[in-house]
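Enquirer: Sharing a structure below in structure tokens format, with a few things to ask.
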Amino acid sequence: MDIDEFVGLTRRSSVLGALREGPLDRRDLQERVGVSRPTIHRQVRALEADGLVVKRDGEFALTPVGELAAAEFARVFEVMDTVSALSRVVRWLPAAEFDFDFARLRDAEVVLPHHNDPFAPTRRMLRRIHGADRIRMVTYTFLPEGDPATRRCFIEADQYFEGVLDPTLVETLLADPAATAHFEDLLAQGSTIAVAADSVPLVLIIADETVILGAVDESGCPQGLVVSDDEVIRRWAEETVDSYLADARQVSLDDIGTRAVIADGGT
């Protein structure tokens, strides 16, 4: 198949997609695809000539090869949707930290903010965290500013939490009495909180078997969330948390109390 034939087939892929759901007569197929009668006639004739569509009892249906072509086009379009979404957030992803082939993100879920839902990435992250039994984290920002959920505790008492936080982030959080109390609760229930040895360049969360990568812009606003269950990416994420944890200084309840007093001006 040359490039012109492939382009022509791509233009007719909406017909293949419509017929994946089952046979259709010409009128229903035309309505489903949303083209004119002459156009649907030309497209069906071409697909019949290619052996991808057959007409039986007044309805058009996919041949076995047509079913394969329709499935492959659906897969390609899904991957390209992901690629398009990744292109919108890649500038805020720490790609230099990725010790895996970027192509492994082809099956990832990319959550983007929308005009009527600017905090969609934050809400998706919170849902995933709430549903997990085990949370591991390396981050320079706890939650983006602006969402009401940023002021609520999101680690439940029966969850395992292990976090390595940017030094500046720790100081910022301990200036907030609510965050300080939350830190104390986490440590009291056996969670591990550590201060990174140096500044942290990424927002990485492991929620059970799922890896979450946050895309946050320079002003701290969420620009997207990349969610992956890929085994190779998960292995990289676990090793990354382990590496940061090995170089970090673990925080104790005594540290929390001392830093909180300093943050409150000694009162």
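Numbering of the sequence shown is given in UniProt numbering, commencing with residue 1 and proceeding in unit increments.
Just so it is clear, CB atoms sit at the ideal spot from N, CA and C, and this is done for glycine as well.
Given the structure is predicted, the values throughout are model-derived calculations rather than measurements.
1. Considering only DSSP beta bridges, list what Phe161 is partnered with.
2. Using only alpha-carbon positions, find the residue among Gly220, Val164 and Leu29 that is nearest to Asp247.
3. Please work out which residues of its chain come closer than 6 Å, Cβ to Cβ, to Phe183, disregarding the five sequence neighbours upstream and downstream, and give them in chain order.
4. Tell me where the beta strand (DSSP E) around Thr210 begins and ends.
5. Nearest by alpha-carbon distance to Gln223: which of Thr63, Gly8 and Leu86 is it?
6. For Gln159 and Ala132, what's the separation of their Cα atoms in angstroms?
7. Determine the contact status of residue 270 and Ile193, defining contact as a CB-CB distance below 7 Å.
8. Sort out for me which residues DSSP pairs Glu59 with in a bridge.
9. Rounded to a whole number of angstroms, what is the C-alpha to C-alpha distance between Ile212 and Pro118?
10. Measuring only the C-alpha atoms, how far is Val35 from Arg11?
11. Given Arg136, which residues of its chain have a CB within under 6 Å of its CB, disregarding the five upstream and five downstream residues?
12. Can you give the beta carbon distance from Val138 to Val195, rounded, assuming they're within the 8 Å contact cut?
13. Is it right to say Ile129 is buried, meaning 16 or more other beta carbons lie within 10 angstroms of its own, or is it exposed?
14. Would you mind working out which of Met125, Ala49 and Val203 sits nearest Tyr244, comparing C-alpha positions?
15. If contact is defined by three or more beta carbon pairs under 8 Å, each pair taking one atom from either stretch, is the stretch 22-38 in contact with the stretch 82-97?
16. Is there a Cβ of chain D sitting closer than 7 Å to that of Asp255, yes or no?
17. Could you round the C-beta distance between Tyr140 and Leu174 to whole angstroms and report it? I think they count as a contact, below 8 Å.
18. When you compare only the Cα positions, how much space is there between Ala181 and Phe100?
19. Sort Phe77, Arg127 and Pro121 by Cα distance to Arg107 and report the nearest one.
20. What separation, rounded to the nearest whole angstrom, lies between the Cα atoms of Arg20 and Leu62?
21. How big is the Cα-Cα spacing for Gly58 and Asp25?
22. Go ahead and pull the three-state DSSP assignment for Thr180.
23. Can Leu253 and Leu186 be called in contact, C-beta distance under 7 Å?
Expert: Reading from the atomic positions:
1. On the sequence shown, position 161 is the one that residue 161 refers to. DSSP, once it has assigned bridges, lists Ile135 as partnering Phe161.
2. One-based indexing of the sequence shown puts residue 247 at position 247. With distances taken between Cα atoms, Asp247 lies closest to Val164.
3. Stepping through the sequence shown from its first residue, residue 183 is reached at position 183. Cβ within range, chain order: Ile256.
4. Here residue 210 refers to the residue found at position 210 when the sequence shown is read from its first residue. Residues Thr210 to Val216.
5. Translated into the one-based positions of the sequence shown, residue 223 becomes position 223. Answer by Cα proximity: Leu86.
6. Here residue 159 corresponds to residue number 159 of the sequence shown, with the count starting at 1. Here residue 132 corresponds to residue number 132 of the sequence shown, with the count starting at 1. Taking the straight line joining both Cα atoms gives about 7 Å.
7. In this structure the chain extends from 1 to 267, so residue 270 is not present and cannot be described.
8. By 1-based counting over the sequence shown, the position of residue 59 is 59. Beta-bridge pairing links Glu59 to Arg56.
9. Working through the sequence shown from its first residue, we reach residue 212 at position 212. Working through the sequence shown from its first residue, we reach residue 118 at position 118. In this structure, the alpha-carbon of Ile212 lies about 18 Å from that of Pro118.
10. Position 35 of the sequence shown holds residue 35. Position 11 of the sequence shown holds residue 11. Using only the alpha carbons, I get a separation of about 12 Å.
11. Taking the first residue of the sequence shown as position 1, residue 136 is located at position 136. Counting only Cβ-Cβ distances below 6 Å, and skipping sequence neighbours, we find Glu162, Ile206 and Val241.
12. Here residue 138 refers to the residue found at position 138 of the sequence shown. Here residue 195 refers to the residue found at position 195 of the sequence shown. Rounded, the Cβ-Cβ distance is 12 Å, inconsistent with contact.
13. Here residue 129 refers to the residue found at position 129 of the sequence shown. Looking at its Cβ environment, which holds 16 or more other Cβ atoms inside 10 Å, Ile129 is buried.
14. Counted from its first residue, the sequence shown places residue 244 at position 244. Checked all of Met125, Ala49 and Val203; the closest Cα to Tyr244 is Val203.
15. At 8 Å Cβ cutoff, the stretches do not touch.
16. No chain D is part of this structure, which consists of one protein chain only.
17. Residue numbering aside, residue 140 sits at position 140 when the sequence shown is read from its first letter. Residue numbering aside, residue 174 sits at position 174 when the sequence shown is read from its first letter. The Cβ separation is near 15 Å, so there is no contact.
18. Indexing the sequence shown from 1 puts residue 181 at position 181. Indexing the sequence shown from 1 puts residue 100 at position 100. C-alpha separation (whole angstroms): 38 Å.
19. Start at 1 with the first residue of the sequence shown, and residue 107 comes out as number 107. Contrary to the premise, residue 107 reads as Asp rather than Arg in this sequence. Distances from the alpha-carbon of Asp107 to those of Phe77, Arg127 and Pro121 put Phe77 closest.
20. Within the sequence shown, residue 20 is the residue found at index 20, counting from 1. Within the sequence shown, residue 62 is the residue found at index 62, counting from 1. If you draw a straight line from the Cα of Arg20 to the Cα of Leu62, it is about 7 Å long.
21. The residue labelled residue 58 in the question sits at position 58 within the sequence shown. The residue labelled residue 25 in the question sits at position 25 within the sequence shown. Roughly 6 Å between the two C-alpha positions.
22. Position 180 of the sequence shown, counted from the start, is the residue given in the question as residue 180. Here Thr180 sits in helix by DSSP.
23. For the purposes of this step, residue 253 is taken as residue 253 along the sequence shown, with counting starting at 1. For the purposes of this step, residue 186 is taken as residue 186 along the sequence shown, with counting starting at 1. Here Leu253 is not near Leu186, since their CB atoms are 7 Å or more apart.
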